[in-house]
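Visitor: Next up is a structure, given as structure tokens.
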Amino acid sequence: MRRAHLLLALALASCGPVRPPSDPEAPRQVTGQIVYESRHPTVQGASAEIEVRPARSVDVALLAGGEVVAEGRADAEGRFTIEGPARADTVRVYARTRVRG
Numbered sequence: 005m006r007r008a009h010l011l012l013a014l015a016l017a018s019c020g021p022v023r024p025p026s027d028p029e030a031p032r033q034v035t036g037q038i039v040y041e042s043r044h045p046t047v048q049g050a051s052a053e054i055e056v057r058p059a060r061s062v063d064v065a066l067l068a069g070g071e072v073v074a075e076g077r078a079d080a081e082g083r084f085t086i087e088g089p090a091r092a093d094t095v096r097v098y099a100r101t102r103v104r105g
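Printed below as a string of structure tokens:
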């Protein structure tokens, strides 16, 4: 759970501030990179050394008033670009596990 909060915080920090729209329906592009901190396993537990890694294939959504208005997915380097209406006021990151079959 802590990793998910960190992931979200890093994603939002990389996006920059959301400015009020001049035209609420005008298209707008939001870009960013999602990363997380990883520790390597050792005999005594997790290592003290932290490695920052890209969060691959993480789902990202733009919301306006709590409603999803655009969606996308981070690439292999954790980068994403989503185009949605300028009225979008929130970027939400979803770390999900998908199972087929």
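Residue numbering for the sequence shown follows my numbering, starting at 5 and increasing by one per position.
From the three backbone atoms N, C-alpha and C, an ideal C-beta is built for every residue, glycine too.
These figures come from a predicted structure and were not determined experimentally.
I'd like to know whether the C-beta atoms of residue 37 and residue 58 end up nearer to each other than 8 Å.
Guide: For the purposes of this step, residue 37 is taken as residue 33 along the sequence shown, with counting starting at 1. For the purposes of this step, residue 58 is taken as residue 54 along the sequence shown, with counting starting at 1. Closer than 8 Å, so yes.
Visitor: Taking one C-beta from the segment 41-55 and one from the segment 63-83 each time, how about it: are there three or more such pairs within less than 8 Å?
Guide: The segment 41-55 is not in contact with the segment 63-83.
Visitor: Distance, Cα to Cα, residue 90 vs residue 52?
Guide: Counting from 1 along the sequence shown, the entry for residue 90 is found at position 86. Counting from 1 along the sequence shown, the entry for residue 52 is found at position 48. Roughly 42 Å separates the two Cα atoms.
Visitor: Residue 77: which of 44, 96, 92, 71 sits nearest, CA to CA?
Guide: What you label residue 77 is simply residue 73 of the sequence shown in a count that begins at 1. For residue 77, the nearest C-alpha among the options comes from 96.
Visitor: Counting only the same chain and skipping the five closest in sequence on each side, list residues whose C-beta sits under 6 Å from that of residue 75.
Guide: The residue you call residue 75 lines up with position 71 of the sequence shown. Cβ within range, chain order: 65.
Visitor: Go ahead and pull the three-state DSSP assignment for residue 78.
Guide: Along the sequence shown, one-based indexing puts residue 78 at 74. Reduced to three states, the DSSP call for residue 78 is coil.
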